[in-house]
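Let me begin by presenting the structure, written as structure tokens, before commenting on it.
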């Protein structure tokens, strides 16, 4: 209902209340109907509709709905809507408090000016003070050019707050439209970025400028669309089918996370379950007899986590490694696992950086880490060497070595060379290291070792006209049994136990229970120098 105050007496209390109602109505209904229709025609919701879709019904408390921009240049003084181009406030998601801002593309194209920047900064500061997650919904044409350097300065302040909040409160960005130029760096500094297929774009430099400077023809979707950033760049962590899917993913994600770095993630009650089930027995036959045959590591994860529920992060980027969140006995656990189904589970630059970032996130927010290992090593090739696999691969090593949360590692099959060390090894600080009897732990695999250790035997077999392939296979099998056996690693204390595959969930439960009171610290320092 629209308040009608044609002759409001502002000198009376009733008049002042009526004036408040009128202004509040203007603030909430600021976007013009035609602008809203255009937004809906693009398959996009308005800023307020997005907030309503994410937060619990009736929980949103708006902040700064009456602020207006102060710009007079370029005729801007003729249009000064309440709230400017962003809606900010607090609310709850499944009963848990969050802070939120949502850029309003129907007002000045969602562009960020001085006042809009101040609103975002204020709600971010409130999130830090109160120790709650901050969620940003981005849909903006970028900096407001009418305001010049003032708008750019607010971006800088937002970036500084993103950095201050990193590792203190969870930060989530939902891209629901364009994010161009400097605007892309705020979501890049947050913990999770969610993009919507066909409607989200992120790029530093747009197609027109690229065409002018380099002559390269590229469209918005190819350059910075949701699919590009989920499969090629790794900027985004989830590709949503539509806006509702994006909001649902964020709500689910928050259920695994704590409010801040001084609290624990929510604990959900589950019935005690320590017995191996008939379904778990399938793991005993999961690993193929041939070391070259793949299998799906997601099958193992499904048997370990409660009810088989696993929220994968960045599933489309570097799929040769799997990262995500699950629960064990109702408690959040971060999972990092090599995926033998893709590139044989080798570690390349993208996989290493993907896993390293996730390990550091879990460590920052006290989420225990379970590592499932099956990798033949780092991906060989000039492309990897020349683009920095030494430096960039070291990020994963660094992440594990500095982590102080409970670390449990299970080797399912291959753990060769440097990749064995990097993937949550005892030497890097893992607390409990287990292996299946199918594990192979060595400097290299049997076939590679034969080329070095048994050259003379192969030469003699060749000269004698023997079946060289059969000789190589026997020598490789002997090497694997005598050198790469998990029992040898267990004898030397490199493993804390060898378990039946079907008992993996039970073993992980026991390990995590034992580590709940873990206390660990690092040497006092300003900060480390991770090989960025």
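Residue numbers (our numbering): 85 to 616.
Even glycine gets a Cβ: it sits at the ideal position worked out from N, Cα and C.
Check: In chain order, what residues of the same chain have a beta carbon less than 6 Å from the beta carbon of residue 458, not counting five sequence neighbours either side?
Finding: Contacts found: 422, 424, 429, 496, 497, 498.
Check: Are residue 520 and residue 585 closer than 8 Å when you measure CB to CB?
Finding: With respect to residue 585, residue 520 sits close: the two C-beta atoms are nearer than 8 Å.
Item checked: Beta-carbon proximity list for residue 573, same chain, < 6 Å, skipping 5 on both sides -> Answer for residue 573: 525, 579, listed in chain order.
Item checked: Where residue 614 falls, given that 16 or more other Cβ within 10 Å makes a residue buried -> Taking all protein chains in view, the Cβ of residue 614 is surrounded by fewer than 16 other Cβ atoms within 10 Å, so the residue is classified as exposed.
Checklist line | Beta carbon of residue 199 nearer than 8 Å to that of residue 186 | finding: No, they are not a contact pair.
Next item on the list: Taking all protein chains shown into account, decide if residue 391 is buried (16 or more other Cβ within 10 angstroms of its Cβ) or exposed.
Entry: So residue 391 counts as exposed.
Check: Within the present structure, is the beta-carbon of residue 450 separated from the nearest heavy atom of the ligand MG by less than 7 Å?
Finding: This structure lacks the ligand MG; in fact it carries no ligand of any kind.
Margin query: Cutting at 7 Å between CB atoms, please list the residues of its own chain near residue 269, excluding the five before and the five after it.
Written below: 243.
Check: Taking contact to mean at least 3 C-beta pairs separated by less than 8 Å, is the region 465–476 in contact with the region 504–512?
Finding: The region 465–476, when compared against the region 504–512, does not touch it at the 8 Å Cβ threshold.
Next item on the list: Can you say whether residue 451 is buried or exposed, counting buried as having 16 or more other CB atoms within 10 angstroms of its CB?
Entry: Burial check for residue 451: the Cβ neighbour count within 10 Å reaches 16 or more, so the residue is buried.
Notebook entry, point to check: Per DSSP, which one or two residues make a beta bridge with residue 181?
Noted result: Per DSSP, 176.
Notebook entry, point to check: Is the CB-CB distance between residue 476 and residue 532 below 8 Å?
Noted result: No, Cβ-Cβ distance for residue 476 and residue 532 is not below 8 Å.
Check: Which stretch, first to last residue, makes up the alpha helix (DSSP H) that contains residue 302?
Finding: First-last for residue 302: undefined, no H or E at that position.
Check: Just how far apart, CA to CA, sit residue 382 and residue 234?
Finding: Residue 382 and residue 234 have their C-alpha atoms roughly 49 Å apart.
Notebook entry, point to check: Excluding sequence positions up to five away, which residues of its chain have a Cβ less than 8 Å from the Cβ of residue 338?
Noted result: Excluding positions up to five away in sequence, the list reads 177, 178, 180, 182, 217, 254, 256.
Next item on the list: Flag residue 498 as yes if its beta-carbon sits less than 8 Å from any beta-carbon of chain D, otherwise no.
Entry: The question asks about chain D, but that chain is absent: this structure has only one protein chain.
Note to self: I'd like the list of long-range same chain contacts for residue 358, defined as Cβ closer than 7 Å, with 5 residues on each side in sequence excluded.
What the structure shows: In chain order, 590, 593 place their CB closer than 7 Å to the CB of residue 358, counting only its own chain and leaving out the 5 sequence neighbours on each side.
Notebook entry, point to check: Which of helix, strand or coil does DSSP assign to residue 314?
Noted result: Here residue 314 sits in helix by DSSP.
Next item on the list: Identify every run of the beta strand (DSSP E) within the region 327–414, keeping only runs that are complete inside it and at least 3 residues long; order them along the chain.
Entry: The qualifying runs are 394–397, 405–412.
Next item on the list: Could you spell out the range, first to last residue, of the beta strand (DSSP E) harbouring residue 552?
Entry: Boundaries for residue 552: no beta strand (DSSP E) harbours it, while the alpha helix (DSSP H) harbouring it runs 552–566, taken from the DSSP string.
Notebook entry, point to check: In three-state terms, what does DSSP make of residue 275?
Noted result: DSSP, reduced to helix, strand and coil, places residue 275 outside both helices and strands of the structure shown, so it counts as coil.
Next item on the list: Spell out a yes or no on whether the region 275–283 and the region 345–362 are touching, meaning 3 or more CB-CB pairs, one atom from each, closer than 8 Å.
Entry: The region 345–362 and the region 275–283 do not touch, with fewer than three beta-carbon pairs separated by less than 8 Å.
Next item on the list: Please name the residue in 355, 351, 277, 173 whose C-alpha comes closest to that of residue 320.
Entry: Of 355, 351, 277, 173, the smallest CA-CA separation from residue 320 is found for 277.
Check: First and last residue of the beta strand (DSSP E) that includes residue 458?
Finding: Residue 458 -> beta strand (DSSP E) spans 453–459.
Checklist line | Three-pair Cβ contact test at 8 Å for the region 222–239 versus the region 258–273 | finding: Touching, yes.
Item checked: Backbone CA spacing between residue 266 and residue 494 [nearest angstrom] -> Going from the Cα of residue 266 to the Cα of residue 494 covers about 42 Å.
Notebook entry, point to check: Where residue 489 and residue 374 are concerned, what is the direct C-alpha to C-alpha distance, given to the nearest angstrom?
Noted result: Approximately 35 Å between the Cα atoms of the pair.
Notebook entry, point to check: Considering residue 524, what are the terminal residues of the alpha helix (DSSP H) in which it resides?
Noted result: Run containing residue 524: none in the alpha helix (DSSP H); it sits in the beta strand (DSSP E), 524–526.
Notebook entry, point to check: How many Å lie between residue 236 and residue 126 at the Cα?
Noted result: In a straight line, the C-alpha of residue 236 is about 28 Å away from that of residue 126.
Next item on the list: Find the nearest neighbour of residue 271 within the set 292, 245, 290, judged by alpha-carbon distance.
Entry: In this structure, 245 is the residue among 292, 245, 290 with its C-alpha nearest to the C-alpha of residue 271.
Check: By a C-beta neighbour count over all protein chains shown, 10 Å radius and 16 as the cutoff for buried, is residue 547 buried or exposed?
Finding: Flag for residue 547 reads exposed.
Notebook entry, point to check: With C-beta atoms as the reference, is residue 401 less than 8 Å away from residue 348?
Noted result: No, the pair does not count as a contact, with Cβ atoms beyond the cut-off.
Notebook entry, point to check: If you drop the 5 nearest sequence neighbours on each side, which residues of the same chain put their C-beta closer than 8 Å to that of residue 346?
Noted result: Non-local beta-carbon contacts of residue 346 in its own chain, meaning distances under 8 Å to residues more than five positions away in sequence, involve 215 in chain order.
Note to self: Starting from residue 469, trace the alpha helix (DSSP H) in both directions and tell me its first and last residue.
What the structure shows: First-last of the alpha helix (DSSP H) with residue 469: 466–470.
Next item on the list: Report the residue from 207, 553, 444 whose alpha carbon sits nearest the alpha carbon of residue 612.
Entry: Residue 444 is the option with its Cα nearest to residue 612.
Next item on the list: Identify whether residue 239 lies in helix, strand or coil by the three-state DSSP scheme.
Entry: Three-state DSSP puts residue 239 in a helix.
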